[in-house]
Each structure stands twice: as C-alpha cells, then as structure tokens.
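A short write-up of the structure that comes next.
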Ligand code: DPP
Ligand code: ZN
C-alpha cells in the first residue's frame, strides 16, 4: 500500500494512438479483445524502455505483437502490471482476456447491475477490463464492437456513434461504435441490456440537431421526463453562459441501480445512478428533482470541462471537478433561486468539507499524494475546489472570468492539463496577479478570520481589523496567509444599499487598495496579509459591516457581533445570504449558551441526565424566529432555510471535545420551545403552505412544501399526542413523496407510540417494496431516527430481506446515515455504534472496498471526542487496520486516522 506522489509524475513512455475493442458478452463470461496501435514517446523513452501496462487481476488468454504470438515467458504479468521488456518504436499489440462480470462486486470495470452489463472506469477501472496505460494523459481513439445474445441484450451501447450493426449466428448480434474524439481510458463506457429508451432532440446554436436518448428499465419509462428536460436546459445554458456547443450527434444516458458514484460523464454515454435520473412526484421528493437537474447538468458540463480538456494526472482532479461543480452551481442558481442555492451549497460545505479539512484526511484541493485515488473524490476536491473557482470569478469579475474560460477552451482543447494551467490562463486573460491566490490549491485547512470593529464617533470612521489564521496540520506545519476576497457592504438604516468604499489605510503592514468590479454592486476587500485594517469614512453610528457577502470565501468567520447586531443584519442586510447567515449565527450563539448551561448543571449534578434539564430559551431568539417565520414578503424557500437550525454535526465543529448528548439536547430544547411559543404562527404557516398542487414543481410550490415540512418538524418535536396526531394526519393525507416522506421522517424522530410508527412504516413498505429508490428512503428515515432502540433497529434493518450489501444506494441508505448523519446514535457512549460499524466495514470491504472506505471516514474525527469515546473508536480503528487483506482503500483511511 505505497503512496503515489505528484512530484514523481513523468510523461507516459508510450502513447496508444488507437484502440479497437471487442467484447463478446455472455452470461457466464466475457471475452475482451483489445488491439492497440502503440507508439514510443521519444521525448522520454528509448528502445530500452519497457512497455508497462496497467492491469488488475486479469486472466490473459493470448498476446500477439505485430502478428507474432507471444508465450507467457515473453511478457511479465503481475496482479497490477503487464510488461513487455523490449518493443519496437511503433507496433500493434493484441491482448485477449477473460472477465466474469457477475462476480465483480466492486462495481469498477465491467460488471452487472441486475440483468444489464455496464462499466465504471473512473478513476482506474479500465485496467480491470484490459491491459492499458490507465492514466488520464494517454488520450486515444476508441472503437468498440459489442456482441451479445439479441433477445436478452437488444441494446448495445458505447461511446461516440454507431457505425455498423447486424445479426450473427446463434441468436447473437453486434453493434460497432466509434468515438471520433480522443479520450483517456477513464471515459470509456459500455452498456448491454434490455432497456427502454425515451428520445428527444436539441438544436444547437449553430443549428446542429442532436439526438438525446435516456435508457432505463422498462418499468421506469414514465420517470424520465424531468431528466430529459434537465438535459435540454443544461445544453442551452452552456451555450448561453459559456458559449459551449455539444460536439457529437448523439447524447446518451443510461440509468443503473448499482453504482458507486452519482453519475459518470463518459464521452457521449453517461452512466447514471438511477437515483439521479428517475423521478415522478409520487416517488421522488422536491430535493430529488433538484438533484437530478443538478447532476444531469454536471455530467453534461464535463463534456467540455473534463472530456475535451482533461487531466494530466489524478492529482489535478479538481481541475475538472471543482470547475464543473462551480458550473453546475451557477446553472442551478440561474434556473432556480440564487440565494437558496448558495445557502444549500454553503451548508453542505460547512457540514462536510470543513470537518474533512480539519480531520485525518485533510488534503489540499490539489493533493500531493494518494494511496488509493478513489479516496480523493472528496468534498475538498469538489466543493472547496468549486469555491476556489468562485473566488477567481469574484476577483476577476464576470466578464474577465468568461474571457479566461474562452481562452482556456481555445488553448487546451484536446489536451490533458493541470490546475496551474487554469490559473495561468486566468492571469493571462485578466492581467490580475494570482500568485498568492495559488496557495488555495496547495495548502490544506480552513482559514479562520477574526473580525474586530472599531467605531470612532468623533470622526465618524469605522475601522475593521481582519486577521487570518489557518491551523497547522500534517500537510503543512506552518500555513501562509492566503489571498481572500471579502465581498462586503455597509448596512445602516439610512443607506440600506450598503455600498461605501474604505479609505486608505494607516496600518503599516501593506493594506491593499479596495478593488471594484465595474459590473458588480458589491465591493471586495482583498485580505492578503495575516492582519489587515480597513477604514471607512463618514459612517453613521448604527452601521454594521456585512462581510463575506454570498460567502465570498470558504473560511470560518469569527465575528464580534452581539445578538443585537445579528438581529439588525437579519432585518436589514440586502444580501440574502448574509441575512440567513446572521440568523444562523444567532442560533449558534444561543445553542452554545444552552449547551454551557447544560454542562454546568451536569457538573454540579452528575447523576442527572440532560433529558431532565431544560434551561429556558432567550426571549430575543424567539422574537427573531417569529419575525422570520411571519415575514410575508420573503420567498418562502428562504424562510424555510432561515428557520432551519444548524445540524448537530455543524454545531459539533465548534467544540473540542464534542459533547454529543448536550448538543442533541440543546437543539431539541430549542425546537420544542419554539414549537410551544410559536404554536399559532406555525399552524398558520402550515395552513398557508398546504394549498400547493402536489404535482406542481414550480419554485413557489416547492418553497411552500419546504416551509410547511420544516414547520411541521417543529410541531412534531413536541412530546404530545395531539402533535403526533397532526403529523400522522399529514402522513396519511400526503399526495406526493415530498410530503409523505417528510411526515414519516418527523414521525420517526418523534416520541409517538411505537404502534403508530410501526403501522405507518409497514404501510409505506407495502406500498413501495418494488421501487428500490423509494425503499431507500424507507431505510433512511429509520436510520436517521434518534428514538431509543435505533441502533438495534439499524442492525435489524441490515438483515432485512430487502437489504443488500451489494447495492451501494441501499448500503448508504442505512450505513452512511448512521456514520455521518446520526451522530447521537453513532456516538452512543457504550461504543456499540462503533463496534457494529467497524464490523460491517470489514465485511463490506470484501464486497466493495470503495464504499467500505467511504464509511470508514466516520472515524476520522475520533480525536475530538471525550476520552471514553476516543478510546472506543481507537479500538475499532486498530481492529480494522490489523485485519488481514484489508483493501488499500480502507487501509488508507484507517491508517491515516490512527497516525
Ligand atoms: N462521475 C463523477 C463526477 O462527475 C466523477 N467524475 O463527479
Ligand atoms: Zn464531476
């Protein structure tokens, strides 16, 4: 399990100009024949340089080099490499090998999902199909002939265009595909199955007519229209916003049930987890609909940012992922609500990326080493990577950023490049120096920004001191100051536009001039030093600065705001994101106060449990909450976001050690108090928001449902039969999945009678047992519960006849929820949560190591807990790391956690 390092990168020794693949598919085995035109890379190799191809446990049948049949003594085969010691400068190599796809439970390479054959090659799955230089900088022309029994596998697909097809003997048939674009092997795809197809068309801006096809199992044909609509929206948006036109005549999407990732951007043949394709209002929630739109767009956008321009090596993953996430976030913002989109993206970043950046797997956006590449498809590479692009977008401004993108496409089309190439292009297009900015790619950790204000009433000046500090970690023992764009406004009652420029600075240590983007209303302060001071003149006394508007940098902000300042910003800030954030800060402040009171009470009464304590909530918080709830002018989707409390994991980040039980209890007290004090207001809102047509997917209808369901969750938190009856009634009357699962999830977290809950769950199961995606939700709501007995129920769920360790969605619906979504249960003080979890990781590792490694990440923060929990988690990590034949995936995660 040795690491690979960025510093060891060397260009490939040989190029593969062309590969012709043939797959002979049958139920028991598949024969793969690969014919490669190989050319020495004379820049780095000579005739003594051996040809080393990647492979992974391949069963080779025959090898032919330039028509010469080789015997096994002529080549060297190890589990991971195929080597020919001496080869000519230019030659043809044919390798035949045997695969058994139905035994492939890792779901990498060629495998079966139900009765369908499919592939997943990113990052290094192609080497499980055939011997090849399986690295993204080897770009090759692919053709692919697929043969299979016609009746069982009428649909045979690969990348590019179909160029020939026909019937063969024995009821078999074939289709030949050719992809006119060179591509790295990770973008290869093949599908064979008995599938339905829905078809549509898109006319590009140059008038080209593109055929769009979505392939699904026959029974799902009525669930594709939203995905198709989203695809057309994506194609139009990429033309409009980035001038990018689609380049083949055909765009195909296939939905499969067994898939490790969300979806895969294979050239001309995207393969999707069915979760991100299939939807109708009876079976999918509003969130599902939004996610489908986003993921369809994301994979489509990869055609330019990822496929046409690809990666020089896997360390550059964020070049395509960070950029493509930025593009899909912008797409979702343009099509839906920008503020709501930003809030949900930031919530995701804070809940998942910030802890990753502070834990044992912390790594820079451009990592410098990996043991298993699959472990680096992370929140840091994706979400922080997108924030880094977003900061460049803010620093350059919309127009210069677009100019940079145009130049990027023009310069690097058809090439495999690096994040450094991207930053250089942005500098070239804009003339802006990004040398310090580059640190965002190489330095890990979340910067903390301390804000201190000083108001001089005699001179009417407001001075803001900003101090940045990134805690050291195993990547860098000393962190340099970053270039941080601070988008800001000044909020006062007289000038609620909040636009004022700071005057020159008096501090000696290099304070920058304010920079203004002509096309933007907000100003940006450029924080580049560790400490910088900005002074604003002629400022009214009640003015508050609104900093990091729209969350202009992925940092932790430590404000000096009082509850009163926050209430003021909640009411008056023109930046919708910061209004929401002010509310969140206010909740945090109150939660921390309550947690402190709980801990104090426990310290003086060690026998008491937190459940017996109920310190009262501050009146100002209830009032602020009431004002948000009853705001009749605001978008209801924003109200829903505003009245959603920070989650337990987000609160936990503010503590070391983390007191899981106090955090849970404080949040519960807050919910219950609000539910009691604002019962009438909540009831009114629920009524008001219950009028939307259950099939309506407009923003307003979705907003109403989200506000109604969050309001219901407050009611459901009360320990009273009448409130349980209200939720139950909503469950019974729900006319779409959003409302159905919303109410069921509230019931699962309530103190309602066991029989009521069991009856509802049984009814739901009976209704949806045939629909795997809906059944996932049934598992998830139960695994998310904080009722007593949840861990025992989760254990039982993993033995349920409908549970399978082979299906990643099903595993995630229970295990990921327990490991990352339900801290109160996972961190049970007796350690049973940890023991169960580790045992299952070890078992799952034999089936699907990629998913097992994901789960193992739940232990990454073990050092942040109290001694008892820490010891228990450490024990489980030791058990895992000492397991014989542990995969390198899980090994990397647990060994890094222990080190
Ligand atoms: N398919 C994954 C994604 O699009 C990996 N490329 O993010
Ligand atoms: Zn992607």
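Residue numbers (UniProt numbering): 4 to 902. Every residue gets a Cβ at the ideal spot worked out from N, C-alpha and C, and that includes glycine. These figures come from a predicted structure and were not determined experimentally.
query	result
Cβ pair residue 360, residue 265 closer than 7 Å	no
First through last residue of the alpha helix (DSSP H) which encompasses residue 10	Careful: residue 10 lies outside any alpha helix (DSSP H) and carries neither H nor E.
Bridge-paired residues (DSSP) for residue 534	470
Start-to-end residues for the beta strand (DSSP E) that takes in residue 112	112 to 116
Secondary structure of residue 363, DSSP reduced to three states	coil
Residue 440 in three-state terms, based on DSSP	coil
Runs of alpha helix (DSSP H) wholly within the stretch 382 to 457 (minimum 4 residues, chain order)	388 to 399, 401 to 415, 422 to 433 and 442 to 445
Between the CA atoms of residue 38 and residue 20 - distance to the nearest angstrom	11 Å
Cβ neighbour criterion (16 or more within 10 Å) applied to residue 576	buried
Residue 2 (DSSP reduced to helix, strand or coil)	Absent from the model: residue 2. The displayed extent of the chain is 4 to 902, so no value can be given.
Residue span of the alpha helix (DSSP H) that contains residue 687, given as start and end	682 to 691
Distance, residue 871 Cα to residue 899 Cα	21 Å
Sequence-distant residues of its chain with Cβ nearer than 6 Å to residue 194 (five each side left out)	121, 160 and 257
Range covered by the beta strand (DSSP E) that runs through residue 745	That residue, residue 745, is in no beta strand (DSSP E); its alpha helix (DSSP H) goes 740 to 751.
Own chain, CB closer than 6 Å to residue 375, minus 5 neighbours either side, in chain order	891, 892 and 895
Near ligand 1: residue 818 beta-carbon under 6 Å from a heavy atom	no
Below 6 Å from a heavy atom of ligand 2 - residues by beta-carbon	301, 305, 324 and 327
Under 7 Å between C-beta atoms of residue 472 and residue 441	no
Close-in-space but distant-in-sequence residues of the same chain around residue 519 (CB under 6 Å, 5 per side omitted)	In this prediction, residue 519 scores a pLDDT of 38, lower than 50, which makes its location untrustworthy; no coordinate-derived value is stated.
Residue 268 Cβ short of 6 Å to ligand 1 heavy atom set	yes
Spatial neighbours of residue 875 in its chain, beta-carbon cut-off 6 Å, leaving aside the 5 residues before and after	834 and 837
Sequence-distant residues of the same chain with beta carbon closer than 7 Å to residue 214, five excluded per side	202, 204, 252 and 253
Outcome for residue 90 when other beta-carbon atoms lying within 10 angstroms are tallied against a minimum of 16	buried
Reduced DSSP category for residue 3 - H, G, I as helix; E, B as strand; rest coil	The structure shown does not extend to residue 3, since the chain spans only 4 to 902, so no value can be given for it.
Nearest-angstrom Cβ-Cβ length linking residue 470 and residue 444, presumed shorter than 8 Å	23 Å between Cβ atoms; not a contact.
Contact belief for residue 277 with residue 776 at Cβ below 8 Å, rounded distance in angstroms	6 Å
Residue 622 CB to nearest heavy atom of ligand 1 below 6 Å	no
Residue 284 - containing alpha helix (DSSP H), residue span	No alpha helix (DSSP H) holds residue 284; DSSP gives it neither H nor E.
Bounding residues of the alpha helix (DSSP H) (the contiguous stretch that carries residue 235)	228 to 245
Beta-carbon spacing of residue 715, residue 744 below 7 Å	no
Residues bridged to residue 922 (per DSSP)	Since the first residue of the chain shown is 4 and the last is 902, residue 922 is not available in this structure.
Beta-carbon contacts of residue 621 that lie in its chain and below 7 Å, excluding the five residues immediately before and after	593
Expected contact under 8 Å - CB spacing of residue 843 and residue 793 to nearest Å	The pair is not a contact, with the Cβ atoms about 16 Å apart (cut-off 8 Å).
Presumed contact (8 Å Cβ cut-off) between residue 63 and residue 100, rounded CB distance	5 Å
Secondary structure of residue 368, DSSP reduced to three states	coil
Straight-line Cα distance separating residue 400 from residue 720	45 Å
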